[in-house]
Amino acid sequence: MTKPSHQIKDIIVTPIAVTDPPLLNCVGVHAPYALRIILQVVTEGGVVGVSEIPGNKETEDSINSIKKELIGLDAFQPNQILRTVSEKLPAKNETDDRGGTPWDQRIVVHIFSALEVACLDIMGKALNCRVSDLLGGTMREEIPFAAYLFYKFKGAGGKWGYEIDPTATGWDKARQQEATSTQGIIDQAIAMCKEFGYRSIKLKGGFFPPEKEVDDTLAIHREFDGEMPLRYDPNAIWSLETGIKFARVFEGKLEYLEDPVRGQENMSTLRKTVDIPLATNMCTTSFKDLPNSIKVHSEDIILSDHHFWGGLRSTMELYKICKTFGRGFSMHSNSHLGISLAAMAHIGAALPEFDYEFDTHYPWQSEDVIVGGKIRIENGCVNLPTGPGLGVEIDQAQLQKLHENYLGCGLTKRDDELEMQKIDPNWKVVDTRY
Ligand code: GKR
Ligand code: MG
950 MTKPSHQIKD
960 IIVTPIAVTD
970 PPLLNCVGVH
980 APYALRIILQ
990 VVTEGGVVGV
1000 SEIPGNKETE
1010 DSINSIKKEL
1020 IGLDAFQPNQ
1030 ILRTVSEKLP
1040 AKNETDDRGG
1050 TPWDQRIVVH
1060 IFSALEVACL
1070 DIMGKALNCR
1080 VSDLLGGTMR
1090 EEIPFAAYLF
1100 YKFKGAGGKW
1110 GYEIDPTATG
1120 WDKARQQEAT
1130 STQGIIDQAI
1140 AMCKEFGYRS
1150 IKLKGGFFPP
1160 EKEVDDTLAI
1170 HREFDGEMPL
1180 RYDPNAIWSL
1190 ETGIKFARVF
1200 EGKLEYLEDP
1210 VRGQENMSTL
1220 RKTVDIPLAT
1230 NMCTTSFKDL
1240 PNSIKVHSED
1250 IILSDHHFWG
1260 GLRSTMELYK
1270 ICKTFGRGFS
1280 MHSNSHLGIS
1290 LAAMAHIGAA
1300 LPEFDYEFDT
1310 HYPWQSEDVI
1320 VGGKIRIENG
1330 CVNLPTGPGL
1340 GVEIDQAQLQ
1350 KLHENYLGCG
1360 LTKRDDELEM
1370 QKIDPNWKVV
1380 DTRY
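The sequence shown begins at 950 in my numbering and counts up by one.
Below is the structure:
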């Protein structure tokens, strides 16, 4: 073999804080800022590959701690890079656990993802092709996403916290308004679908008692004349008994019910008892979870997330396994910016068959770090970027601004419980609330 021509010369790791509204979920409320880490991997040849992962000081420190081992490696050899990461962070590899939160807390898989996506971006840019081409070929140019509704307190987050901009109109206004009542969540659904043309809807629940949230979900179903594919996700905060009782109400009405109960065994029991498709981003979240998932049939649809399944190629591998065992496939999300949205779009473009509109939090974020500002969502779809690699470039001034937000906001990890305790000092995270 000849000497690698795309040796890594530098890795720039930039933690940022992005304005995030007070969205509610089963563990509490989103802080005024969502944290992300932006990676810029620079090759000797001057190509820069970018990626974005959830922000967390420990993740950032871990990447920085192994940086020197990665310098000099070939960006065209992501498998070798990932092996180096595994060797250098073995202790974390063994103890890494997703935790009980709605989001995945593992460090190493996120680092895999950050490096792999940046390497694919470099390859695409160097070869003048798109990442979707590197994932097997571009099957579609328009990638469908679903509306993602949240119960929320009023306000848009950031330094304005719970204030509302009186001049805001359209979706921008709806984004800032309180949505805790049935009408509030319906208004949010209408505004979001009007603005972005979505053709399916997901409601994030788990905060209020099931009686209310189930009624609200049915109200959304009626509002769209039963014709809008609908999903509801209480993030496993229900007991099995509660799950069985309320899942029955949804029979024939939901496209799927997402993580009603905790763990593969409970999901499997519910699935056998109630006639409704189940999806997960909580009980089957890694390749080591798959044998038991297949054995007990814990879900019908696996919601991948390239940030915690280890990158775009492993997401494509997961897709293949889903197809082999008759499972549906889609993508989960968390508060994110355009680099992650572009990465998801490349997966959506490369899938041989597209099962379900992907999740995205993207409309909830008002800022971005990419040149040209936010990627547009029209007719519920993102157009696959046309440029090489991921097709997005970093706006360095914006990156710096959001980095300053990070330095000023004092947050080092996501903690929705702590944020909620500022409103209700007695609030506590529990595994099963209802
Ligand atoms: O953003 O609050 C949130 C969601 O609850 C998120 O953290 C979940 O990971 O969207 C996610 C889900 O589908 O479970
Ligand atoms: Mg979910």
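Yeah, the Cβ is synthetic: ideal placement off N, Cα and C, and Gly gets one too.
No experiment lies behind these values; they were computed from the predicted model shown.
Problem - Per-residue DSSP class, three states only, for Ser1011 - result: helix
Exercise for the section: Consult DSSP for Trp1187 and reduce its assignment to one of helix, strand or coil. Expected result: strand
Exercise for the section: Could you check which residue in Glu1172, Met1177, Ile1150, Leu1189 has the C-alpha nearest to that of Pro1159? Expected result: Leu1189
Practice task
Compute every distance between the C-beta of Asn974 and the non-hydrogen atoms of ligand 2, then say whether any falls below 7 Å.
Solution key: no
Problem - Selection from Asp1121, Leu1031, Gly1154, Gly994 that minimises the alpha carbon distance to Ser1315 - result: Asp1121
Exercise for the section: Have a look at Gln989, Lys1041, Gly1004, Ala980 and flag the residue whose alpha-carbon is nearest the alpha-carbon of Lys1103. Expected result: Ala980
Handout entry: Run of the beta strand (DSSP E) containing Asp1182, from where it starts to where it stops
Key = 1179 to 1182
Handout entry: Residues with C-beta closer than 7 Å to any heavy atom of ligand 2, in chain order
Key = Pro1051, Asp1182, Asn1184, Glu1207, Asp1208, Asn1230, Met1231, Leu1252, His1281
Practice task
Give the range of the alpha helix (DSSP H) segment to which Thr1222 is assigned.
Solution key: 1213 to 1222
Exercise for the section: Any chance you could list the alpha helix (DSSP H) runs of at least 4 consecutive residues sitting entirely within the region 1042 to 1102, in chain order? Expected result: 1057 to 1076, 1080 to 1083
Handout entry: C-beta contact flag for Gln1213 and Ser1263 at 8 Å
Key = no
Exercise for the section: Report the rounded CA-to-CA distance for Met1369 versus Asn974, giving the unit in angstroms. Expected result: 10 Å
Problem - Beta-carbon proximity of Val999 to Ile1343, cut-off 8 Å - result: yes
Problem - Distance between beta carbons of Asp969 and Gly1106, contact taken as under 8 Å - result: 5 Å
Practice task
Helix, strand or coil for Ser1279, going by three-state DSSP, please let me know.
Solution key: strand
Exercise for the section: Return the CA-CA distance between Met1216 and Arg1055, expressed in angstroms with no decimal places. Expected result: 22 Å
Exercise for the section: Give every residue of the same chain whose Cβ lies closer than 8 Å to the Cβ of Arg1220, excluding the five residues on either side of it in the sequence, and list them in chain order. Expected result: Leu1227, His1246, Ser1247, Glu1248, Asp1249
Exercise for the section: Consider the C-beta atom of Asn1005 and the heavy atoms of ligand 1; say whether any pair is separated by less than 7 Å. Expected result: no
Handout entry: Rounded separation between Gly995 and Asp1045 - CA only
Key = 34 Å
Handout entry: heavy atom of ligand 1 below 7 Å from Lys1362 C-beta
Key = no
Problem - Validate contact between the region 1110 to 1121 and the region 1138 to 1158 using beta carbons, cut 8 Å, 3 pairs - result: yes
Handout entry: Extent of the continuous alpha helix (DSSP H) to which Arg1124 belongs
Key = 1119 to 1125
Problem - Best match in Tyr1355, Glu1172, Leu1167, Asn1184 for proximity to Lys1202 [C-alpha to C-alpha] - result: Leu1167
Practice task
Please classify Cys975: does DSSP put it in a helix, a strand, or coil?
Solution key: coil
Practice task
Would you kindly report the start and end of the unbroken alpha helix (DSSP H) that includes Cys1387?
Solution key: Residue 1387 lies beyond the residue range present for the chain, which begins at 950 and ends at 1383; the question has no answer from this structure.
Exercise for the section: Run the proximity test for Asp1238: is its beta-carbon closer than 7 Å to any non-hydrogen atom belonging to ligand 1? Expected result: no
Exercise for the section: Would you check if the distance between the CB atom of Ile1270 and the CB atom of Met1280 is smaller than 8 Å? Expected result: no
Practice task
Please specify which runs of the alpha helix (DSSP H), each continuous and at least 4 residues long, are wholly inside the region 1269 to 1321, giving them in chain order.
Solution key: 1287 to 1299
Exercise for the section: Could you tell me the distance, in whole angstroms, from the CA atom of Ile1324 to the CA atom of Leu1356? Expected result: 26 Å
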